[in-house]
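Structure record follows, encoded as structure tokens.
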Amino acid sequence: MRPVRIHDHAVIGDGHSAALVSRDGAVDWLCWPRFDSPSLFAGILDPEVGGAWCLRPAEPARVTREYLPDTNVLQTRFETDGGVLVVTDLMPVHEAHSRWPRPERELLRCVVCERGEVALDVRYEPRPDYGRARADIRDGGRLGWRLEHAGWLYTLRADVPLRPAAGGGLVGRESLRVGQRAHFSLTATDDAPAVLPPLGRFSWERVERTVEAWRRWAARCRYTGPYREAVVRSALALKLLTFGPSGAVVAAATTSLPETLGGKDNWDYRFCWVRDASFTARALYGLGYEAEAEAFVSWLLRATWLTQPRMGVFYDVYGRLREREEELPHLRGYAGSRPVRVGNAAATQLQLDSYGEVIDAVAQLARRSGRLARDELRMLVRLGEYVTKSWDAPDEGIWETRSGRRRHTFSRLSCWVALERLLELHRRGMFRGVKAPVERFRDVRERLWEELRTRAWNPRLESYVRVLDGDEVDADLLLMAWYGFEDARSERMRSTHRRILERLGVRDGLLFRNEDDVHEGEGAFGVCGFWRVGLLAKGAGSFMEAEAAFRRQLAYANDVGLYAEEISPDTGEARGNFPQAFTHVGLISAALELEEARPWREPLLEAPEIPGEEARA
Amino acid sequence: MSGVLRWAVWGFASTLVLTGLLTGSQRLRLTRLNLPFLLGTLVTPDRDRAKAYGLGLHLLGGMLFSGLYVAAFTAWGRASWWLGGLVGVLHAGFVLLVVLPVLPAVHPRMASESQDPTEVRQLEPPGVLGLHYGVRTPLAALVAHVVFGVLLGALYRL
Numbered sequence: 001m002r003p004v005r006i007h008d009h010a011v012i013g014d015g016h017s018a019a020l021v022s023r024d025g026a027v028d029w030l031c032w033p034r035f036d037s038p039s040l041f042a043g044i045l046d047p048e049v050g051g052a053w054c055l056r057p058a059e060p061a062r063v064t065r066e067y068l069p070d071t072n073v074l075q076t077r078f079e080t081d082g083g084v085l086v087v088t089d090l091m092p093v094h095e096a097h098s099r100w101p102r103p104e105r106e107l108l109r110c111v112v113c114e115r116g117e118v119a120l121d122v123r124y125e126p127r128p129d130y131g132r133a134r135a136d137i138r139d140g141g142r143l144g145w146r147l148e149h150a151g152w153l154y155t156l157r158a159d160v161p162l163r164p165a166a167g168g169g170l171v172g173r174e175s176l177r178v179g180q181r182a183h184f185s186l187t188a189t190d191d192a193p194a195v196l197p198p199l200g201r202f203s204w205e206r207v208e209r210t211v212e213a214w215r216r217w218a219a220r221c222r223y224t225g226p227y228r229e230a231v232v233r234s235a236l237a238l239k240l241l242t243f244g245p246s247g248a249v250v251a252a253a254t255t256s257l258p259e260t261l262g263g264k265d266n267w268d269y270r271f272c273w274v275r276d277a278s279f280t281a282r283a284l285y286g287l288g289y290e291a292e293a294e295a296f297v298s299w300l301l302r303a304t305w306l307t308q309p310r311m312g313v314f315y316d317v318y319g320r321l322r323e324r325e326e327e328l329p330h331l332r333g334y335a336g337s338r339p340v341r342v343g344n345a346a347a348t349q350l351q352l353d354s355y356g357e358v359i360d361a362v363a364q365l366a367r368r369s370g371r372l373a374r375d376e377l378r379m380l381v382r383l384g385e386y387v388t389k390s391w392d393a394p395d396e397g398i399w400e401t402r403s404g405r406r407r408h409t410f411s412r413l414s415c416w417v418a419l420e421r422l423l424e425l426h427r428r429g430m431f432r433g434v435k436a437p438v439e440r441f442r443d444v445r446e447r448l449w450e451e452l453r454t455r456a457w458n459p460r461l462e463s464y465v466r467v468l469d470g471d472e473v474d475a476d477l478l479l480m481a482w483y484g485f486e487d488a489r490s491e492r493m494r495s496t497h498r499r500i501l502e503r504l505g506v507r508d509g510l511l512f513r514n515e516d517d518v519h520e521g522e523g524a525f526g527v528c529g530f531w532r533v534g535l536l537a538k539g540a541g542s543f544m545e546a547e548a549a550f551r552r553q554l555a556y557a558n559d560v561g562l563y564a565e566e567i568s569p570d571t572g573e574a575r576g577n578f579p580q581a582f583t584h585v586g587l588i589s590a591a592l593e594l595e596e597a598r599p600w601r602e603p604l605l606e607a608p609e610i611p612g613e614e615a616r617a
Numbered sequence: 001m002s003g004v005l006r007w008a009v010w011g012f013a014s015t016l017v018l019t020g021l022l023t024g025s026q027r028l029r030l031t032r033l034n035l036p037f038l039l040g041t042l043v044t045p046d047r048d049r050a051k052a053y054g055l056g057l058h059l060l061g062g063m064l065f066s067g068l069y070v071a072a073f074t075a076w077g078r079a080s081w082w083l084g085g086l087v088g089v090l091h092a093g094f095v096l097l098v099v100l101p102v103l104p105a106v107h108p109r110m111a112s113e114s115q116d117p118t119e120v121r122q123l124e125p126p127g128v129l130g131l132h133y134g135v136r137t138p139l140a141a142l143v144a145h146v147v148f149g150v151l152l153g154a155l156y157r158l
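From first to last, the protein sequence lines are chains A and B.
FYI, the UniProt record's numbering numbers position 350 of the first sequence as 350, with every residue one higher than the one before it.
FYI, the UniProt record's numbering numbers position 150 of the second sequence as 150, with every residue one higher than the one before it.
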């Protein structure tokens with residue numbers, strides 16, 4: 001059985017779905033036609049049952065890989081004693097008005113032998129429906145190998161000979177000499193005769209077009225600071241997780257990659273979390289991707305239309321509530337982490353923080369576009385009215401715990417943000433022609449402010465705390481300054497930061513979400529470390545401290561610059577679903593905060609050691 | 001009243017009811033389908049103006065479709081509420097199965113299901129039966145179109 005690690009994967013995609021490709025040349029995860037469709041390959045969740053598609057040298061090889069600069073085209077380089085083989089993996093991007101029809105979905109893999117002679121091993125084991133369906137592959141001759149399932153036709157075309165394997169699937173071995181090439185195109189179709197893209201030089205044309213398209217997109221990034229490569233990689237990852245037809249950004253490309261190895265916290269993240277709204281919108285706007293930000297905020301307004309003034313915790317890519325959660329007992333799970341789940345029952349939870357995050361995202365849209373449609377304004381008013389009625393209720397909070405509802409500080413902070421932004425829009429004259437209960441908004445905002453200043457502050461700890469009148473801290477409190485509730489330079493914010501570092505800090509600036517995670521052996525939460533960078537940059541520390549902390553966080557990316565949801569405090573490896581939009585959004589936000597705070601002409605210095613940084617190491 | 005006048009009057013009245021039902025079902029959060037908005041954004045990106053222009057286009061479209069109903073009644077030599085309702089079912093099926101799925105191909109501001117990742121268009125496609133706009137979309141559209149047909153069949157006299 002081939003060992004796989006989350007950390008060892010890269011992602012390719014086409015704005016509808018994404019595939020994970022491992023360092024050893026295996027496509028271990030692919031869901032078609034959408035992110036949340038059943039998988040065709042799920043080897044990352046079960047190498048035996050899940051299915052995978054491997055292209056690798058027959059001999060042992062040293063592996064290096066990278067994305068072609070400013071693209072989502074992956075290149076894996078296998079160096080064997082006999083020569084060098086390079087595999088280029090991508091989901092092609094097509095010209096808007098191409099002369100040729102395009103397949104509905106395509107995963108293209110091009111191989112070239114750069115030196116010597118290397119035997120290429122091919123193993124193709126599709127397992128539709130999360131490995132529940134039998135894969136009956138038929139030989140279509142020059143039309144490729146065909147697999148039909150649930151109305152979909154999956155066609156593999158290759159210009160090297162393949163043959164059926166004893167245990168199912170296809171295998172092949174082809175010796176490639178220097179300069180020789182091999183091409184593999186896997187396509188899926190369900191609504192028309194299949195389009196079978198040509199191979200050979202036509203494959204390389206698709207590679208070139210895709211590289212150009214991604215580079216054009218990356219060139220729109222306005223960030224010019226010293227961490228451009230990491231920022232652009234995060235932007236590209238975010239774009240890969242954006243569902244093109246609706247503008248929704250899914251939280252991650254995978255389901256059930258565990259937060260604790262062997263543990264039960266294995267959730268499906270292939271949906272769009274409302275929680276991430278304001279962070280995502282700010283990151284996209286900050287980088288200059290206005291159209292993407294507007295598409296995302298518009299999607300938010302549309303998605304929440306059917307349920308407002310109540311909002312779901314998350315929606316699927318078309319804005320539908322997906323409440324059903326199902327376990328897949330036939331899959332062993334990543335590193336034995338069971339159960340494997342599809343769907344997510346957290347959909348029905350109450351997360352009051354969502355309201356502030358959505359309204360903050362819409363306020364950003366309004367600040368830039370200068371106006372909102374009357375419908376949107378009425379909707380904001382309804383959301384605001386809901387906040388004025390519900391702000392005092394206990395909820396599951398931003399981390400959607402399944403242990404019951406509590407009076408979370410962050411949820412109240414977010415309700416304060418919701419009303420503050422609505423009042424800001426009112427001050428700017430945006431509510432012309434739409435009646436808004438401004439006085440009520442103001443009253444509740446003041447009550448929230450008072451409550452946060454008194455009951456969310458623990459004088460004994462000298463810190464804001466996770467729940468009202470509590471004595472635990474939570475990394476989400478770092479955002480009090482980001483949202484403008486507290487000045488980052490205030491004594492309260494500085495001492496809260498110290499307490500969070502003391503109780504939730506692991507090493508090198510890694511932070512747990514809250515004290516539950518410390519006790520339960522979870523990983524450090526990727527985005528929280530970046531929030532801390534933002535707080536330091538805003539004035540809770542010096543610019544140098546902030547930059548040093550940022551660089552430490554950057555070191556936890558894998559070799560191709562990607563982050564999962566969490567980071568193992570012991571090994572620094574990725575844990576949880578992958579790649580995780582929230583972590584990449586955190587990276588972008590932190591980089592933007594740093595640039596805003598960068599002292600003019602200050603030289604970049606080596607990172608200094610920060611006292612207290614190793615508190616929990 | 002002449003035949004043309006009867007068609008104009010009752011066709012317009014039925015179209016108004018159809019528009020009201022579709023708008024009402026959207027206001028009641030049964031669906032995100034908003035045909036006037038989708039039509040209006042064919043000509044302008046401005047959301048508020050799109051609804052106004054779209055209303056005009058929808059009324060015009062309703063008149064054209066009511067003409068087809070009248071043509072069917074004339075061909076059958078009779079008009080009744082149930083015949084109108086039957087044509088309404090066909091009308092709804094045509095909208096849900098043909099018009100909505102084809103819309104991304106002709107709408108300048110609507111994303112298509114095969115959109116490439118580097119493209120950004122803001123209106124999400126409705127999908128077959130308009131299901132991307134909520135699971136009750138087919139029902140809301142069917143009821144509205146059947147009511148349209150029933151009204152026209154009942155009011156229009158040959």
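In this text, a Cβ means the ideal position worked out from N, Cα and C, and glycines have one as well.
Under the three-state DSSP convention, the category residue 408 of chain A falls into: Strand, per DSSP.
Reduced DSSP secondary structure (H/G/I, E/B, other) of residue 208 of chain A: In this structure, residue 208 of chain A counts as helix in the three-state DSSP scheme.
Own chain partners of residue 353 of chain A with C-beta closer than 6 Å, once the 5 adjacent residues on each side are dropped: Around residue 353 of chain A: 398, 410, 411, 414.
Neighbour flag for residue 144 of chain B against chain A, beta carbons, 8 Å: Closer than 8 Å: no.
With 16 other Cβ atoms within 10 Å as the buried cut-off, status of residue 96 of chain A: Counting every other CB atom within 10 Å of its CB across the protein chains shown gives residue 96 of chain A a total below 16, marking it as exposed.
Residue 306 of chain A and residue 29 of chain B closer than 8 Å at C-beta: The answer is yes: Cβ separation under 8 Å.
Closer than 8 Å to chain B by CB, residue 306 of chain A: Interface residue (Cβ-Cβ distance to chain B less than 8 Å): residue 306 of chain A is classified as such.
Sub-8 Å separation of residue 120 of chain A and residue 79 of chain A beta-carbons: Their beta carbons are not under 8 Å apart, which means residue 120 of chain A does not touch residue 79 of chain A by this criterion.
Sub-8 Å separation of residue 577 of chain A and residue 76 of chain A beta-carbons: Contact: no.
Under 8 Å (Cβ pairs) to chain A, residues found in the region 105 to 130 of chain B: Result list: 111, 112, 113, 114, 115, 116, 117, 118, 119, 120, 121, 122, 124, 125, 127.
Any 3 or more C-beta pairs closer than 8 Å across the region 34 to 46 of chain A and the region 309 to 328 of chain A: Note that the region 34 to 46 of chain A touches the region 309 to 328 of chain A; at least 3 beta-carbon pairs, one per stretch, sit closer than 8 Å.
Distance CB(residue 368 of chain A)-CB(residue 434 of chain A) smaller than 8 Å: No. Outside cutoff.
Simplified DSSP assignment, three categories, for residue 5 of chain A: Reduced to three states, the DSSP call for residue 5 of chain A is coil.
As assigned by DSSP and simplified to three states, the class of residue 221 of chain A: The answer is coil: DSSP assigns residue 221 of chain A none of H, G, I, E or B.
Nearest-angstrom Cα separation, counted from residue 269 of chain A out to residue 218 of chain A: Roughly 26 Å separates the two Cα atoms.
Span separating the alpha-carbon of residue 11 of chain B from that of residue 65 of chain B: A direct Cα-Cα distance of roughly 8 Å separates residue 11 of chain B from residue 65 of chain B.
Spatial neighbours of residue 45 of chain B in its chain, beta-carbon cut-off 7 Å, leaving aside the 5 residues before and after: Counting only residues of its own chain and dropping the five nearest sequence neighbours on each side, residue 45 of chain B has a CB closer than 7 Å to the CB of 109.
Cβ-based burial, residue 286 of chain A [other Cβ within 10 Å; buried from 16]: Around the beta-carbon of residue 286 of chain A, 16 or more other beta-carbon atoms lie within 10 Å, marking it buried.
Residues of the region 411 to 435 of chain A with Cβ closer than 8 Å to any Cβ of chain B, in chain order: Per Cβ criterion, the list is empty.
First through last residue of the alpha helix (DSSP H) which encompasses residue 240 of chain A: Per DSSP, residue 240 of chain A belongs to the alpha helix (DSSP H) from 228 to 240.
Between the CA atoms of residue 102 of chain A and residue 192 of chain A - distance to the nearest angstrom: Straight-line Cα distance between these residues: approximately 11 Å.
Range covered by the alpha helix (DSSP H) that runs through residue 140 of chain B: From DSSP, the alpha helix (DSSP H) with residue 140 of chain B extends over 137 to 155.
Sequence-distant residues of the same chain with beta carbon closer than 6 Å to residue 303 of chain A, five excluded per side: Cβ neighbours of residue 303 of chain A beyond the five flanking positions: 315, 319.
Under 9 Å by beta carbon: chain A residues contacting residue 135 of chain B: Chain-order list of chain A residues neighbouring residue 135 of chain B: 320, by C-beta distance under 9 Å.
Where residue 560 of chain A falls: helix, strand or coil (DSSP): Collapsing the DSSP output to three states places residue 560 of chain A in coil.
Residue-level contact to chain B via CB, residue 188 of chain A, 8 Å cutoff: Closer than 8 Å to the CB of residue 188 of chain A there is not a single CB belonging to chain B.
6 Å CB neighbourhood of residue 149 of chain A in its chain, flanking five on each side removed: Here the set comprises 128, 133.
Span of the beta strand (DSSP E), counted from its first residue to its last, around residue 74 of chain B: First-last for residue 74 of chain B: 47 to 76, but that is the alpha helix (DSSP H), not the beta strand (DSSP E).
Length of the line joining the Cα atoms of residue 32 of chain B and residue 376 of chain A: Distance between the alpha carbons of residue 32 of chain B and residue 376 of chain A is about 13 Å.
CB contact check: residue 6 of chain B to chain A, cutoff 8 Å: With 8 Å as the cut-off, residue 6 of chain B does not count as an interface residue toward chain A.
Buried or exposed (CB count within 10 angstroms, at least 16 for buried), residue 264 of chain A: Label assigned to residue 264 of chain A: exposed.
Supposed close pair residue 533 of chain A, residue 595 of chain A - CB separation, criterion 8 Å: About 12 Å; that fails the 8 Å criterion.
Proximal chain A residues relative to residue 32 of chain B, where beta-carbon distance stays under 8 Å: The answer, in chain order, is 302, 305, 306, 319.
Any chain A beta carbon closer than 8 Å to residue 132 of chain B: With its beta carbon less than 8 Å from one in chain A, residue 132 of chain B belongs to the interface.
Burial state of residue 280 of chain A (16 or more Cβ within 10 Å): Result: buried.
Same chain only: Cβ atoms within 7 Å of residue 510 of chain A, ignoring 5 sequence neighbours per side: Taken in chain order, the residues that qualify are 524, 529, 567, 569.
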